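Heads up: the structure comes next, in structure tokens.
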Amino acid sequence: MRDLSPTGQPSQHSLPPSRRRVLRRAGAGALLAGTGVPLLNACGGGAGAGDPRTVTLGSNGSDAVPKAAYAEIYAAFRKKSGITVDVNTKDHNTFQEQINSYLQGTPDDVFTWFAGYRMQFFAAKGLATPLDDVWAKIGGNFPDAMKRLSKGEDGTYYFVPLDTYPWAVFHRGSVFERHGYEVPATWDAFVALCKRMRKDGLVPIAFGDKDAWPALGTFDQLDFRTNGYDFHVDLMAGRASWTDARVRKVFDLWTEILPHHQDGAVGRTWQDAAQALVAGKAGMYLLGSFVGQQFTDPADLADLDFFPFPAISPEFGQETVEAPTDGFMLSRKPKNHAGAVRLLEFLGTPRAEEIYLRSDSSVVAAASTASTASYTALQKKAFDMISGARSLTQFMDRDSRPDFTSTVMQPALQTFVRDPKGVDSLLTSIERQKKTIFAS
Amino acid sequence: MSAPTETDEPPRAAPTAPPPGAPPAGPTGHRRLLTRRDRITLALMAGVPALLHVALVWLTALASVALAFTTWDGIGFDTIHWVGLRNFRELFTTNPQFWPAVEHNVVWFAVLILLPTPFGLFLALQLDKRVRFSRVYQTAFFLPVVVSLAVIGFVWQLVYNPDTGLINSLVGANRPGHYIDWIGDPDLNLWAILVAASWRHTGYMMILYLAGLKSVDPALREAAALDGADEWQTFRHVVLPALRPTNTVVLVVTVIESLRAFDLVFVFNKGAHGTELLSILVTDNIIGESSRIGYGSAIAVVLLLISLAVIIPYLVATFRTERRG
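Protein chains in written order, with the numbering used here: chain U, 700 to 1139; chain C, 314 to 638.
Next up, the structure:
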């Protein structure tokens, strides 16, 4: 409490000189060593330096299902090539939060990551190794939209996709049947359906935005349906302005359907909102297909269905699908480059994807050549929707700067969802903050 | 608290000291008191903590102050760019969360000092009267302090959950159109969290005051009783003045609690609209990918300055009384 100065300043009187000197020297030593201490970097694993029979892999697949599914792929790879994959699994969110220091420290040879802007960011920083050699072999397995997602801003491949899942409007088939609802293909039909559901005593659209990211998904759908993929990409990349009339239009449409959303949304988690759909109290829910995880009863899960978000502008129709894609990247200086390339080539085959999907049925394969034989009806539908898409988006926090989405967009959209009246000042504030973030 | 330390003095002030590394000279003077082993022990005991302290507290604090004037995405040192006061300018003018955060930190302090602190004192006074089962009550009130704030946040957000929470279920506010959004509504959520914070703070204050009351000389109360003072008068004119040192500790603890408030809110609703706090803005900006380390540091510097504005007067006052005593 008392001594606040860094070197432990004066106020000594009666101690023997030698002891004082001992302490002084110790203090000086501490200071010297202190100034020499570099900023600490949280380092990743990285065992088995240069062993040609081992490839290290950093994984964010910490949940039981993906963890076991990944393990099966690596076992198959080992059987085929004799190379062991040494997996270093970290908690999903922790992995994401530490990715900066992880990639700068001593990362594993291969690491799990997301396609799109988030991948391009690290590629542009020189923290990933180009994968054109891998893609020369696996290119034929993937549709063009996936290829585009796997390239950095320099047009070079940096990413091997494994699995993907769509965002769409989920509903219970039995509820639609009972009330005689039809899947709305246009905005007007969608709004009319919402009104009808209200009359029937249902909450038209389940919604929970406590975690702040679900509202980003609603914005994405409204934006690329209204303004098209190209404008959406420009907006996400910071090129288009948030005060543009086209963005304003998106918020106007959103304001129109907001009263049909479950109220009290900012205090509700997406899991709780999903329960409203499970219980048949809510008619629809715009979310990723992981909403199926909340349907614990197999009979309920079989009743789950979805349709693509309705078209708003006839010019853009339903050509864009939001399909966040997970996969693998090669770190900056892999210790076992040759082995890592062989692993990535294997991961890019339909076989690896089929092994993965056997264990995790909430996603679909990224490769168009993967067998769909084992798919559930829902997976088949998701697969068709994604492979039929003209453009794929990755979700706002994967398509734009994470610092912008987390510190500006998440709080801004929570504010909007709660009180949609102050849109103009909100958009002005977003644009002002965006400029400073994208300028840095 | 008051033992002098001696770690620094200009070398010429100690002309009799042996040159560095010399063996303990001669059997005369104080030197003989310390064997080589003593010195090594001493060097390690003072040096290692000093080193850790300098590296982990001072260098990092100074580094964040320096970084507050830069932009840095945390990737490589060559991406650090000097921007002068720009971070602060943005913070004060364009960040919609900054001023609410400052306000909420102040509200946090005001509420803690006005409600749970007097209530904790009240409980301590009651328990100090040797009521039956005093230990049981003490334990019950102190239990929330033992529980980590993260757990408290988790428990209370279950209580406040709009659909399945205790409160909304009891008052029937979990139906469409009737929701009371304790967690999301910015007019409610700060107060909802402060109930949880106060729940914990009361026990903390109670224990501090209970310890303080134990050190109040019973003779003082006896004298007051003999003079015919009633209970309130005794408290007002005898006990409370005797609790002055405890009050200082309580004030400092409460200020620190309100400045470092973080975990409770982070678990409760991640500092959403209505519950922004400076500490949460710092982590939001610094932790994560492509982080805004310079900008986050600027917020941390503001937090540091506020802390210093509180702590320095306190230290000055403490030094003054110590010197006098």
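Where a beta carbon is used, it is the ideal one built from N, C-alpha and C, also for glycine.
Computed from a predicted model, the values in this text were never measured in an experiment.
| query | result |
| --- | --- |
| Proximity of U/D908 and U/A964 at Cβ, strictly below 7 angstroms | yes |
| Proximity of U/N926 and C/I388 at Cβ, strictly below 7 angstroms | no |
| For U/M1095, the first and last residue of its enclosing alpha helix (DSSP H) | 1095-1098 |
| Touch test, the stretch 452-462 of chain C against the stretch 544-553 of chain C, Cβ-Cβ under 8 angstroms, three pairs minimum | no |
| Exposure of U/H959, with buried meaning 16 or more beta-carbon neighbours within 10 Å | buried |
| Other residues of its chain near U/L1112: CB distance less than 7 angstroms, five sequence neighbours each side excluded | A914, L915, F918 |
| Start and end residues, beta strand (DSSP E) containing U/P860 | 859-863 |
| Which of helix, strand or coil DSSP assigns to U/L738 | Unreliable placement is indicated for U/L738, whose pLDDT of 37 sits below 50; the coordinate value is still reported in the next sentence. Reduced to three states, the DSSP call for U/L738 is coil. |
| Rounded straight-line distance, which links the Cα of U/A1076 to that of U/P883 | 20 angstroms |
| Cβ-Cβ distance between U/D785 and U/T755 below 7 angstroms | yes |
| CA nearest to the CA of U/G1165, picked from U/P860, U/K898, U/K846 | Nothing about residue 1165 of chain U can be reported from this structure: the residues present for chain U run from 700 to 1139 only. |
| Chain C contacts from the stretch 1118-1133 of chain U (Cβ-Cβ distance under 7 angstroms) | S1128, R1131, Q1132 |
| Short Cβ contact (7 angstroms threshold) for U/F923 with U/T863 | no |
| Close-in-space but distant-in-sequence residues of the same chain around U/A1066 (CB under 7 angstroms, 5 per side omitted) | N840, F841, P1049, E1052 |
| Contact belief for U/F1008 with U/Q920 at Cβ below 8 angstroms, rounded distance in angstroms | 4 angstroms |
| C/A423 versus C/D391: straight-line alpha-carbon distance, rounded | 44 angstroms |
| Alpha-carbon spacing of U/M983 relative to U/F889, whole angstroms | 11 angstroms |
| Short Cβ contact (7 angstroms threshold) for U/L679 with U/F1027 | No statement about residue 679 of chain U is possible, as the shown extent of chain U runs from 700 to 1139 and does not include it. |
| Members of the stretch 487-502 of chain C near chain U, C-beta cut-off 8 angstroms | P489, G490, Y492, I493, D494, W495, I496, G497, D498, P499, N502 |
| Segment contact flag, the stretch 1087-1100 of chain U with the stretch 802-820 of chain U, C-beta cutoff 8 angstroms, min 3 pairs | yes |
| Alpha-carbon spacing of C/L471 relative to C/G478, whole angstroms | 5 angstroms |
| DSSP three-state assignment for U/K1133, whether helix, strand or coil | helix |
| Integer Cβ distance of C/I480 from C/F581, believed to fall under 8 angstroms | About 14 angstroms separates the two Cβ atoms, so there is no contact after all. |
| C/H366 (DSSP reduced to helix, strand or coil) | helix |
| For U/R665, the residue or residues it bridges with in DSSP | Only positions 700 to 1139 of chain U appear in this structure, which leaves residue 665 of chain U out of reach. |
| Backbone CA spacing between C/Y627 and C/P409 [nearest angstrom] | 32 angstroms |
| Any chain C beta carbon closer than 7 angstroms to U/G872 | no |
| 7 angstroms Cβ cutoff, U/Q1141 in contact with chain C | No answer is possible for residue 1141 of chain U: it lies beyond the span of chain U, which begins at 700 and ends at 1139. |
| U/D785, DSSP secondary structure in three states | strand |
| Under the three-state DSSP convention, the category C/I619 falls into | helix |
| Residues near U/Q819 by beta carbon distance below 7 angstroms, same chain, minus five either side | G851, E852 |
| U/T1104 to U/P860 span [Cα, whole Å] | 23 angstroms |
| Contacts that C/A585 makes with chain U (C-beta to C-beta distance below 8 angstroms) | K909, A911, V965, P1110, Q1113 |
| Interface flag, C/D391 vs chain U, CB-CB below 7 angstroms | no |
| Min CB distance C/R325 to chain U below 7 angstroms | Any reading at C/R325 must be qualified, since the residue scores a pLDDT of 43, below 50, and its modelled position is unreliable; the value itself is stated next. Taking Cβ atoms only, chain U never reaches closer than 7 angstroms to C/R325, which makes this a no. |
| Contact list for the stretch 1083-1111 of chain U against chain C, Cβ threshold 7 angstroms | R1100, P1101, D1102, S1105, T1106, P1110 |
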